[in-house]
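Report on the following structure.
In my numbering, the protein residues as written are 17 to 405.
The following block contains the structure:
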């Protein structure tokens with residue numbers, strides 16, 4: 017980790033409790049014996065049908081240059097101290113109650129910036145949308161060179177509009193029941209979610225009280241299409257095999273050894289389940305400094321041979337992760353991101369990109385079309401690529 021910038025997800029500072037299984041969902045509680053008191057997170061709930069975020073922070077009648085649009089059920093508010101003193105988390109004070117509106121009205125919220133400083137030591141950010149906006153804005157400006165293959169709209173306006181589909185947690189089979197049924201551990205500060213034993217998300221906060229307040233909000237978060245489709249499988253995740261069936265217990269000492277062996281077996285198997293989430297390197301970007309903490313968003317390299325994800329984190333100056341939230345990308349989402357990154361790396365030269373990807377120029381043009389980027393290419397060039405393929 018250079019200059020406190022996250023390069024890889026490291027969960028060694030936490031303990032992983034035995035997994036909790038319900039249907040095709042496996043929850044792995046994340047335990048932290050000594051919670052952080054100098055950084056606290058709270059939820060600011062929204063009841064709007066949609067939220068528009070002016071990414072350049074412009075307010076008033078002037079139209080912002082870039083807008084992010086989504087359903088956003090809540091914002092997250094960080095409070096911190098710079099001298100290790102405990103802070104009071106957001107939500108512990110009395111606030112004005114928003115008047116209810118007609119249920120038939122469509123309520124729209126306007127926010128300014130994904131992360132906005134509200135007080136000297138208070139920052140509001142939009143959890144996971146901060147990471148998704150970074151993914152959507154990859155190479156958003158388009159080519160700097162007016163290559164002959166590209167359409168006028170791409171050269172003039174850039175990508176124009178980028179969108180991705182996601183699914184609310186309520187739509188993930190068995191997830192709501194799993195979050196409701198199982199008891200929250202005393203020192204639990206997070207959870208790793210698997211659906212059909214495939215990675216879905218990691219969620220970690222600084223303090224156990226913060227987690228208790230946010231546990232139920234996980235069903236309001238959004239998840240990738242891969243997670244949604246995994247949830248459709250009629251599959252009950254198996255219990256981890258501890259290999260203790262034939263162990264003989266004749267004394268308290270034997271029982272103690274058995275418990276230790278079970279814990280070690282759980283830990284090693286759960287660590288193996290986590291490999292796809294903690295092994296990949298991530299490319300992180302600093303969003304904001306919060307005293308001794310840094311708010312970052314990150315993305316994996318988007319290669320086709322492994323799982324990819326985006327996410328965001330609050331990292332202490334010593335490298336400890338205090339807040340973490342990830343979103344698993346589907347193969348199609350990763351492919352779109354990879355194509356854009358490769359184009360930008362080669363100044364949008366189709367010849368150079370086709371050489372890098374070891375395909376013909378026509379094949380590359382069709383790849384762009386199949387990824388939803390057909391509008392990049394002039395219509396007659398796109399038609400020619402179809403005929404000559």
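Note that beta-carbon positions come from the ideal geometry of N, C-alpha and C, so glycine has one too.
Item, Value
"What separation, rounded to the nearest whole angstrom, lies between the Cα atoms of residue 63 and residue 124?", "9 angstroms"
"How big is the Cα-Cα spacing for residue 395 and residue 130?", "36 angstroms"
"How many angstroms separate the CA atom of residue 248 from the CA atom of residue 240?", "13 angstroms"
"If you follow the beta strand (DSSP E) that residue 45 is part of, which residue opens it and which one closes it?", "41-47"
"Straight-line CA distance for residue 347 to residue 384?", "15 angstroms"
"Can you tell me which of the three DSSP states residue 299 falls into?", "strand"
"In whole angstroms, what is the alpha-carbon distance linking residue 38 and residue 253?", "8 angstroms"
"Please list, in chain order, all residues of the same chain as residue 93 whose beta carbon is under 6 angstroms from its beta carbon, the five residues on each side excluded.", "58, 60, 106 and 140"
"Near residue 299, which residues of its chain fall below 8 angstroms by C-beta distance, leaving aside the five closest residues on each side in sequence?", "314, 315, 316 and 317"
"Where residue 335 and residue 22 are concerned, what is the direct C-alpha to C-alpha distance, given to the nearest angstrom?", "8 angstroms"
"What's the C-alpha gap between residue 146 and residue 181?", "16 angstroms"
"Please list, in chain order, all residues of the same chain as residue 25 whose beta carbon is under 6 angstroms from its beta carbon, the five residues on each side excluded.", "294"
"Should the region 36-50 be regarded as contacting the region 193-212, the criterion being three or more beta carbon pairs within less than 8 angstroms?", "yes"
"With the cut-off set at 8 angstroms, would you say residue 163 and residue 364 are in Cβ contact?", "yes"
"What residue range is occupied by the uninterrupted alpha helix (DSSP H) comprising residue 194?", "191-197"
"Starting from the N-terminal side, write out each stretch of the alpha helix (DSSP H) that is 4 residues or longer and does not extend beyond the region 269-356.", "291-294"
"Note down, one range per segment and in chain order, each alpha helix (DSSP H) of at least 4 residues found wholly within the region 155-195.", "168-173"
"Do residue 327 and residue 343 come within 8 angstroms of each other at the CB atom, strictly closer than that value?", "yes"
"Can the beta-carbon of residue 20 be found less than 8 angstroms from the beta-carbon of residue 310?", "yes"
"Taking Cβ positions, are residue 5 and residue 183 nearer each other than 8 angstroms?", "The structure shown does not extend to residue 5, since the chain is modelled only from 17 to 405, so the question has no answer here."
"Using only CA atoms, which one of 167, 160, 273 and 102 lies nearest to residue 390?", "167"
"Between the Cα of residue 307 and the Cα atoms of 30, 285, 98 and 35, which residue gives the shortest distance?", "98"
"Can you check whether the CB of residue 381 is closer than 8 angstroms to the CB of residue 350?", "no"
"Quick one, which of 387, 286, 376 and 87 has its alpha-carbon nearest residue 122's?", "87"
"Quick check on residue 209: does DSSP put it in helix, strand or coil?", "strand"
"If the criterion is Cβ atoms closer than 8 angstroms, does the pair residue 150 and residue 175 meet it?", "no"
"Since residue 247 sits in a beta bridge, which residues does DSSP pair it with?", "Partner(s): none; residue 247 has no beta bridge."
"Rounded to the nearest angstrom, what separates residue 226 and residue 405 at their Cα positions?", "56 angstroms"
"Are residue 52 and residue 231 closer than 8 angstroms when you measure CB to CB?", "no"
"Should residue 215 be labelled buried (16 or more other beta-carbon atoms within 10 Å of its own) or exposed?", "buried"
"With the cut-off set at 8 angstroms, would you say residue 83 and residue 66 are in Cβ contact?", "no"
"Roughly how many whole angstroms lie between the Cα atoms of residue 113 and residue 50?", "Bear in mind that the predicted position of residue 113 carries a pLDDT of just 46, short of 50, making it too unreliable to give a figure here."
"Is residue 170 near residue 392, with beta carbons less than 8 angstroms apart?", "yes"
"Identify the residues that DSSP records as bridge partners of residue 214: which are they?", "211"
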